[in-house]
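Residue numbers (the UniProt record's numbering), protein chains in the order written: chain A, 1 to 329; chain B, 1 to 536.
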Amino acid sequence: MKRALLLLRRRIISSIPVLLIVVIFSFFLLESASGDAVDAYLGSIGGGDAALIRSLRESYGLDQSVLARLWLYLSSLARLDLGWSVAFNRPVRDLIVERLPNTLLLMGSATALSFGLGSALGILAGTKPGSLRDRFLSIGSLIIYAIPSFWLGLVLSILFSVKLRWLPIAGIETIASGKTGLSRVLDVAEHLALPVGALAFIYLALFLRIMRSGMAEACKLDFVLFARAKGLSRSRIVLRHVARNALLPLVTMLGLQSAAMLGGSVVIESVFAIPGFGRLAQEAVNGRDAPLLMGIIVTSAVLVICVNFIVDLVYAALDPRIGASEGRA
Amino acid sequence: MTIADISRRGLLKGTALLLGTTALSRIALAQDVPAGGRLIVAADSEPKNLNPAIVASNGVFFIASKVIEPLAEASYEGSDGLAPRLATSWEGSADGLSVTFKLRDNATWHDGKPFTSADVAFSALNVWKPLQNLGRLVFANLQAVDTPDDHTAIFRFSKPTPFQLIRNALPAVTSVVPKHIFEGTDIAKNPANNTLVGTGPFKFAEYKPSEYYRLTRNENYWQKGEPKLNEIVYRVLPDRDSAGAALEAEEIHLAAFSAVPLADLDRISKVAGIKVISKGYEALTYQLVIEINHRRKELSDLRVRQAIAHAIDKKFVVDTIFLGYATESTGPIPKNSKEFYTADVANYNFDVEAANELLDQGGYTKGPDGNRFQLKLRPAPYFNETRQFGDYLRQALAAVGIDAVIVNADAAAHQKAVYTDHDFDIAVGPPVFRGDPAISTTILVQSGTPDGVPFSNQGGYVSAELDKIIAQAAVTVDPAARTDLYYKFQQLVVAELPLINVAEWGFITVARDTVLNVSDNPRWAVSNWGDTALQS
Numbered sequence: 001m002k003r004a005l006l007l008l009r010r011r012i013i014s015s016i017p018v019l020l021i022v023v024i025f026s027f028f029l030l031e032s033a034s035g036d037a038v039d040a041y042l043g044s045i046g047g048g049d050a051a052l053i054r055s056l057r058e059s060y061g062l063d064q065s066v067l068a069r070l071w072l073y074l075s076s077l078a079r080l081d082l083g084w085s086v087a088f089n090r091p092v093r094d095l096i097v098e099r100l101p102n103t104l105l106l107m108g109s110a111t112a113l114s115f116g117l118g119s120a121l122g123i124l125a126g127t128k129p130g131s132l133r134d135r136f137l138s139i140g141s142l143i144i145y146a147i148p149s150f151w152l153g154l155v156l157s158i159l160f161s162v163k164l165r166w167l168p169i170a171g172i173e174t175i176a177s178g179k180t181g182l183s184r185v186l187d188v189a190e191h192l193a194l195p196v197g198a199l200a201f202i203y204l205a206l207f208l209r210i211m212r213s214g215m216a217e218a219c220k221l222d223f224v225l226f227a228r229a230k231g232l233s234r235s236r237i238v239l240r241h242v243a244r245n246a247l248l249p250l251v252t253m254l255g256l257q258s259a260a261m262l263g264g265s266v267v268i269e270s271v272f273a274i275p276g277f278g279r280l281a282q283e284a285v286n287g288r289d290a291p292l293l294m295g296i297i298v299t300s301a302v303l304v305i306c307v308n309f310i311v312d313l314v315y316a317a318l319d320p321r322i323g324a325s326e327g328r329a
Numbered sequence: 001m002t003i004a005d006i007s008r009r010g011l012l013k014g015t016a017l018l019l020g021t022t023a024l025s026r027i028a029l030a031q032d033v034p035a036g037g038r039l040i041v042a043a044d045s046e047p048k049n050l051n052p053a054i055v056a057s058n059g060v061f062f063i064a065s066k067v068i069e070p071l072a073e074a075s076y077e078g079s080d081g082l083a084p085r086l087a088t089s090w091e092g093s094a095d096g097l098s099v100t101f102k103l104r105d106n107a108t109w110h111d112g113k114p115f116t117s118a119d120v121a122f123s124a125l126n127v128w129k130p131l132q133n134l135g136r137l138v139f140a141n142l143q144a145v146d147t148p149d150d151h152t153a154i155f156r157f158s159k160p161t162p163f164q165l166i167r168n169a170l171p172a173v174t175s176v177v178p179k180h181i182f183e184g185t186d187i188a189k190n191p192a193n194n195t196l197v198g199t200g201p202f203k204f205a206e207y208k209p210s211e212y213y214r215l216t217r218n219e220n221y222w223q224k225g226e227p228k229l230n231e232i233v234y235r236v237l238p239d240r241d242s243a244g245a246a247l248e249a250e251e252i253h254l255a256a257f258s259a260v261p262l263a264d265l266d267r268i269s270k271v272a273g274i275k276v277i278s279k280g281y282e283a284l285t286y287q288l289v290i291e292i293n294h295r296r297k298e299l300s301d302l303r304v305r306q307a308i309a310h311a312i313d314k315k316f317v318v319d320t321i322f323l324g325y326a327t328e329s330t331g332p333i334p335k336n337s338k339e340f341y342t343a344d345v346a347n348y349n350f351d352v353e354a355a356n357e358l359l360d361q362g363g364y365t366k367g368p369d370g371n372r373f374q375l376k377l378r379p380a381p382y383f384n385e386t387r388q389f390g391d392y393l394r395q396a397l398a399a400v401g402i403d404a405v406i407v408n409a410d411a412a413a414h415q416k417a418v419y420t421d422h423d424f425d426i427a428v429g430p431p432v433f434r435g436d437p438a439i440s441t442t443i444l445v446q447s448g449t450p451d452g453v454p455f456s457n458q459g460g461y462v463s464a465e466l467d468k469i470i471a472q473a474a475v476t477v478d479p480a481a482r483t484d485l486y487y488k489f490q491q492l493v494v495a496e497l498p499l500i501n502v503a504e505w506g507f508i509t510v511a512r513d514t515v516l517n518v519s520d521n522p523r524w525a526v527s528n529w530g531d532t533a534l535q536s
């Protein structure tokens, strides 16, 4: 426990420069694009006159120099203030707090599903490499991995919502239903079934393949031979000895994929009209809403750092050698 | 929800327990729908300011027009194409210095306060004139609003202002907001801009960002027997393919503003229970326009512009890009504007040979690669059709030896490149005709607009004669004389081609058969929907 806290403190300190670099780099990246939030807004409302345009730019501080705006942003960020969204006319923090839970729910469910099912199928495939079962699972996973998530999302919604009408087509819950408690939980679960399925499907293939190769490799190691020689049961060898070792690269991948999944949710959230973080990012880009986009980037960076920290802890728990070396350093 | 669905769900219950329970909860919901009904509509955008008195745009009107009403609305039958709303009659003085409105005496705000002429005076002087993107122009010379009694408002202008213009602007620029809520506050930042209080048939009930807007029935609406519906829910569906699927799945009743892509219309029109309606957008005509940068030497030559006009097959554009849901343009004023349109203008028929000849005459000979010169072409990103026309234009120009290089950009970058930086040779734009040429049409060709003003004369075209006509029309009080000036305006624009009008289009509404009274006025999607009903 003490070791974990020590690790946490070190992580927080080391991630500050990382965040700073992310913020400054993305700020200039955004700045280098032609046009600003007022340009995007004027296009959407069908125009206005010169005085109106000037006053809009002034009210958003867009008439100031780039460096002045960067300084203003960094100093407000230091006070944990994420600024004001131009496109939504609301504080960025409120928007993020509102949307993040939906995306975490979507990502969390999809990760749990793809990780759980992927590693289970990977064990099935990896214990008998080259068998018919293995070949079926491996080829199937390759095909799934090649499918773009938006296409899968559309196909699933046409099949299950339009044709069969088993599941709702879009949204996070039934609109203005006034449901509470368990019925609301069920309602949300029903709405999330398709998007979670679409998102999890893609990653399932990835986890399956990594688990499979990890299993196949670990099977050949000496300690497995030894365990077999000891006369341990087959299931005990597979689960306690082989799978535990094969899980390590999978956990590493989980950390790396958390960032990719955040990106993948942009597409899924837009196809299924889920008010999440990914869609917020898309709306911020469309509206050239720099403060909102910066807030999203900062939050995503923090999120990825957190996930990686958790992954490290899990890693240490799975493989005591790693934790020991961290503690000494 | 149809009977077939329910039985299908019942069947399912037996086969799959989990899916069965979820299906059951959906049946229970269907029974909760109150009499009068809840209309569920697709919304593809969420305006950051929902107040139509400040932001006069179709995205805002789509939702706000049910809550906040203008003085008059567009109408197929009414005189001058108008139907009364908060005003019952309107009359302009002969000198163009005043307009008198008689106001409804039985209208109340949603918070119970009576609607009076003070609200109209406040809205006009404190909101439309100083703050609204279109009202700033229409009411530029508004000096005072007299309120001799609670139901009379007399607008007084410092300079003669054509009554014809004011009348044509009524539906779009005169949304009345309550004085008692906005007075003494920073109007642009008042939270009431997003939780509207109006006099309309529906009250603003709830907004859940990125999920829905909910409007509920106003029991005390001045028009007896309206509204028919109990609720309107705008469901935010950003993905265009989802809107069509949601209609098919009966999760929404209606998608307006071509939310269902044109390419899907043929298929969806064959789905039982769904109708495709192209009526109801006549007063919101969009125009497909080639914007020309006259700073570019070749393009300042009239022969080149005429050659470009000859190179375009308008019929092909209408049939292929708009799949027939558009009309060929003859000039800067659309055919839907019966009051101002004239067909008596020059005609540039599709004629590649004539185009080549004109270019040869101008001395723009073809090089060894078959090209005469190169142009930077920027199609506006707002519609599929503007981008597709960009692709077509490139090919049409290649046929006459002009090499157009397409530069695509998102909305913000396009706005800046074309309207501020003038970094284009030709652009494809979709301006809107808003009932009167003085509102947002003459600005497209008038000289002297500052840089950065969108949908204006970004090409730097200057014609003293055209400017004179525009200035004259702006102060001509007599409607016949004013209409005449706009005939001349059209003839001159088509002769000189400061820009090239290619096509004009309205949008498409796709609705379930159960929705009644759809598209019964020329601004239907942005009108109050008081008589819209759901068949039970």
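Glycine residues also receive a C-beta, built at the ideal position from the N, C-alpha and C atoms. Just so we're clear, the structure is a prediction, and the values are computed from it rather than from any experiment.
- Can you pull the chain A residues whose beta carbon is under 7 Å from the beta carbon of Asn49 of chain B, in chain order? Asn89
- Item | Cβ-based neighbour list, Val33 of chain B, same chain, cut-off 7 Å, excluding 5 preceding and 5 following | The pLDDT assigned to Val33 of chain B is 34, lower than 50, so where the model puts this residue is not dependable; a value taken from the coordinates is nonetheless given after this. Once the five neighbours on either side are set aside, Val33 of chain B has no close Cβ partner at all.
- Which residues DSSP lists as bridging Ile274 of chain B, in chain order: B:Arg512
- Can you tell me the Cβ-Cβ gap for Thr514 of chain B and Leu534 of chain B, rounded? I've got them flagged as a contact below 8 Å. 6 Å
- Between Ile187 of chain B and Val127 of chain B, what straight-line distance do the alpha-carbon atoms span, to the nearest angstrom? 8 Å
- Query: Taking Cβ-Cβ distances below 9 Å as the criterion, which residues of the stretch 20 to 45 of chain A are in contact with chain B?
  - Reply: Ala33, Ser34, Gly35, Asp36, Ala37, Val38, Asp39, Ala40, Tyr41, Leu42, Gly43, Ser44, Ile45
- Query: In its own chain, which residues sit with a C-beta less than 6 Å from the C-beta of Gly153 of chain A, not counting the 5 before and 5 after it?
  - Reply: Ala198, Ile268, Val271
- Using a Cβ-Cβ cut-off of 8 Å, state whether Ser382 of chain B counts as contacting chain A. The sequence as given places Tyr at residue 382 of chain B; Ser does not occur at that position. So, interface residue.
- Task: Use the C-beta contact count for Asp36 of chain A: other C-beta atoms within 10 angstroms, 16 or more gives buried, fewer gives exposed.
- Result: buried
- Does the separation of the CB atoms of Gly429 of chain B and Val276 of chain B fall below 8 Å? no
- Alpha-carbon spacing of Gly96 of chain B relative to Asp478 of chain B, whole angstroms: 9 Å
- Note down the Cα distance separating Ala169 of chain B from Gly37 of chain B, rounded to an integer number of angstroms. 33 Å
- Query: Val162 of chain A CB to nearest chain B CB: under 8 Å?
  - Reply: yes
- Could you tell me whether the stretch 258 to 269 of chain B touches the stretch 493 to 500 of chain B, using the rule of 3 or more Cβ pairs below 8 Å? no
- Query: Roughly how many angstroms lie between the CA atoms of Thr22 of chain B and Thr180 of chain A, to the nearest whole one?
  - Reply: Residue placement at Thr22 of chain B cannot be trusted, given a pLDDT of 40 that sits under 50; the coordinates are not used to answer.
- Task: Tell me where the beta strand (DSSP E) around Ile296 of chain A begins and ends.
- Result: First-last for Ile296 of chain A: 290 to 318, but that is the alpha helix (DSSP H), not the beta strand (DSSP E).
- Query: By DSSP, does Ile154 of chain B sit in helix, in strand, or in coil?
  - Reply: strand
- Item | Given 8 Å, three or more beta-carbon pairs between the stretch 425 to 445 of chain B and the stretch 25 to 40 of chain A | no
- Taking a cut of 9 Å between CB atoms, which residues from the stretch 205 to 232 of chain B lie near chain A? Ala205, Glu206, Lys208, Pro209, Ser210, Glu211, Tyr212, Arg214, Glu231
- Task: Mind listing the chain A neighbours of Phe455 of chain B? Cutoff is C-beta to C-beta under 8 Å, in chain order.
- Result: Gly46, Gly47
- Task: Look up residue 541 of chain B in the DSSP assignment and say whether it is helix, strand or coil.
- Result: Any answer about residue 541 of chain B is impossible in this case: the structure gives chain B only from 1 up to 536.
- Message: Please report the straight-line C-alpha distance between Lys335 of chain B and Arg296 of chain B, rounded to a whole angstrom.
- Response: 31 Å
- Look up Pro479 of chain B in the DSSP assignment and say whether it is helix, strand or coil. helix
- Residues in its own chain within less than 7 Å of Lys2 of chain A by CB, not counting five upstream and five downstream? none
- Message: DSSP has Leu39 of chain B in a bridge; who is on the other side?
- Response: B:Ile232
- Item | Within 8 Å, strictly: CB atoms of Gly126 of chain A and Arg212 of chain A | yes
- Which whole-angstrom value is the C-beta distance of Ser117 of chain B and Thr147 of chain B, which I expect to be below 8 Å? 4 Å
- Message: If you reduce the DSSP assignment to three classes, tell me which class Ala146 of chain A lands in.
- Response: helix
- Leu142 of chain A and Arg133 of chain A: beta carbons closer than 8 Å? no
- Supposed contact pair Pro227 of chain B and Pro201 of chain B - C-beta distance, whole angstroms, cut 8 Å: 4 Å
- Query: Between the stretch 106 to 116 of chain A and the stretch 243 to 261 of chain A, are three or more C-beta pairs nearer than 8 Å?
  - Reply: yes
- Query: If you compare alpha carbons, which of B:Phe155, B:Thr174, B:Tyr486, B:Leu142 is closest to Arg85 of chain B?
  - Reply: B:Thr174
- Query: Going straight from the alpha carbon of Ser300 of chain A to that of Leu262 of chain A, what length do you get?
  - Reply: 8 Å
- If you draw a straight line from the alpha carbon of Leu24 of chain B to that of Ile24 of chain A, how long is it in whole angstroms? Legend: pLDDT at Leu24 of chain B = 40, less than 50; position of this residue unreliable, no value from coordinates given.
- At a Cβ threshold of 8 Å, is Gly10 of chain B touching chain A? Residue confidence is low: Gly10 of chain B scores 39 on pLDDT, short of 50, so the model does not pin down where it sits. Its coordinate-derived value is still stated next. Chain A contact via Cβ: absent.
- Task: Measure the C-alpha to C-alpha separation of Ala4 of chain A and Ile63 of chain B and round it to an integer number of angstroms.
- Result: 53 Å
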